[in-house]
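What follows is a set of notes on a single structure, which appears directly below.
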Amino acid sequence: MDYIQDRSRHIDISLQNSRVCGIKFHNKTLIFKLDRIFRCVEGEEVECPGELRFEGCDLDLCRALIFNKTLGEGRFTGRALSLREFIDVYGNAEFEIVTEGYFGNTTTYSGWLWEAERAPVSAILYLWNRGNRIYRIEE
12 MDYIQDRSRH
22 IDISLQNSRV
32 CGIKFHNKTL
42 IFKLDRIFRC
52 VEGEEVECPG
62 ELRFEGCDLD
72 LCRALIFNKT
82 LGEGRFTGRA
92 LSLREFIDVY
102 GNAEFEIVTE
112 GYFGNTTTYS
122 GWLWEAERAP
132 VSAILYLWNR
142 GNRIYRIEE
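Anchor point for the sequence shown: position 68 equals 79 in our numbering, and the numbering is continuous, going up by one each time.
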């Protein structure tokens, strides 16, 4: 089932603690494959796998910041990547969403980047799209 976030109405969906298990880009649509999407159904939290589609996405305006450790205290280093580079370099990694923010045409996710047999590191994804966000939930 599709739930459309068109910036004019609120839907009861959260991605906190969801993991992005795959990223695709096709016809100006950025697609995140998610292990679970949380939504409120009759006052109860329900989780289902699915995907999130960002229509009208401009990859040239999207960025990823990857740090050398999980952030909290102390010094850190990192690198900034275009989202195209992020998809190429970290295509087999999983990104766990810890916080999510939505404002206008911008979406910001901060969380942990998990690569096989490595400790997670902090990462931030900045996304830009002019179309709808569509949560496609497998029920």
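Think of the CB as a built atom: it goes at the ideal place given N, C-alpha and C, for glycine as much as any other residue.
Sub-8 Å separation of residue i and residue j beta-carbons
i	j	result
Ser-133	Trp-125	no
Ser-11	Arg-47	Residue 11 lies beyond the range of the chain shown here (12 to 150); nothing can be said about it.
Ile-98	Ile-145	no
Neighbour-count burial assignment, residue i, 16 or more Cβ in a 10 Å radius
i	result
Phe-43	buried
Ala-127	exposed
Gly-67	exposed
Phe-87	exposed
Gly-102	exposed
Among the options, the one whose alpha carbon lies nearest that of residue i
i	options	result
Leu-70	Glu-62, Gly-115, Trp-139, Gly-61	Trp-139
Ala-130	Leu-76, Asp-13, Glu-105	Glu-105
Val-52	Glu-84, Ile-98, Ile-22, Ile-15	Ile-22
Gln-27	Phe-78, Asn-143, Leu-72, Val-57	Val-57
Ile-135	Gly-83, Thr-110, Tyr-146	Thr-110
Cys-32	Glu-107, Leu-82, Glu-150	Glu-107
Per DSSP, the bridge partner or partners of residue i
i	result
Glu-111	Tyr-120
Q) Is there contact between the stretch 114-122 and the stretch 92-102, where contact requires at least three CB pairs shorter than 8 Å? A) no
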